[in-house]
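Residue numbers (this note's numbering): 13 to 158.
Yeah, the Cβ is synthetic: ideal placement off N, Cα and C, and Gly gets one too.
Predicted model only: the values in this text are computed from it and were never measured.
Accompanying notes for the structure given below.
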């Protein structure tokens, strides 16, 4: 019984830490978008579509075009995390599910991390997605994912 209770309490702690990380990622991402001169038109939220988008929000660029910002949030970000996230966001099937949920292309794709490892930073640059940390944008995305 003690083991079951301990497992339950650890599960609750993990959920709390994950929610806190997503809250931090949401706030920092919104700040970064404003600093880039983008106007936020939908508050940051999480989307669960048989796989999560930890932070998603919509913005208007300087020409009035609506863009979707999609962020994967990790405490520790690895190369594998970056590759999987970039592949998911480039998947036509995944983007179709996002569109059905009301989040259409084009997408600014970012990873958010408290502590990215060196290989993750290299992967972000190689794959052309952005990287945000608690102090702001570290690597801007190279281009929109259409």
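Counterpart residues of residue i in DSSP-defined beta bridges
i, result
"residue 70", "54, 80"
"residue 2", "With the chain running from 13 to 158 in the structure shown, residue 2 is simply not present."
"residue 120", "81"
"residue 88", "127"
Rounded distance between the beta-carbons of residue j and residue i, thought under 8 Å
i, j, result
"residue 140", "residue 116", "No, residue 140 and residue 116 are not in contact; Cβ-Cβ is about 20 Å, not under 8 Å."
"residue 124", "residue 83", "5 Å"
"residue 67", "residue 56", "5 Å"
"residue 131", "residue 90", "7 Å"
"residue 51", "residue 79", "Not really, about 10 Å apart at Cβ, beyond 8 Å."
"residue 49", "residue 74", "6 Å"
"residue 59", "residue 113", "6 Å"
Endpoints, the alpha helix (DSSP H) within which residue i is located
i, result
"residue 138", "130-139"
"residue 96", "91-102"
Neighbour flag for residue i against chain B, beta carbons, 9 Å
i, result
"residue 121", "Absence of chain B from the displayed structure is noted, only one protein chain being present."
Unbroken beta strand (DSSP E) run spanning residue i, endpoints
i, result
"residue 146", "No beta strand (DSSP E) contains residue 146, which DSSP labels as neither H nor E."
Same chain, Cβ closer than 8 Å to residue i, five either side skipped, listed in chain order
i, result
"residue 41", "56, 67, 69, 81, 83, 122, 124, 144"
"residue 87", "29, 33, 125, 126, 127"
"residue 148", "40, 43, 44, 47"
"residue 93", "84, 86, 123, 132"
"residue 197", "With the chain covering 13 to 158 only, the question about residue 197 has no answer from this structure."
"residue 129", "88, 89, 90, 91"
"residue 97", "84, 121, 123, 141"
"residue 146", "36, 40, 126"
"residue 111", "117"
Neighbourhood of residue i by C-beta distance below 7 Å, restricted to the same chain and skipping five residues each side
i, result
"residue 152", "142"
"residue 137", "151"
Contact check, residue i vs residue j, beta carbons under 9 Å
i, j, result
"residue 77", "residue 157", "no"
"residue 218", "residue 62", "Nothing can be reported for residue 218, as the shown portion of the chain is limited to 13 through 158."
Cβ-based neighbour list, residue i, same chain, cut-off 6 Å, excluding 5 preceding and 5 following
i, result
"residue 150", "143"
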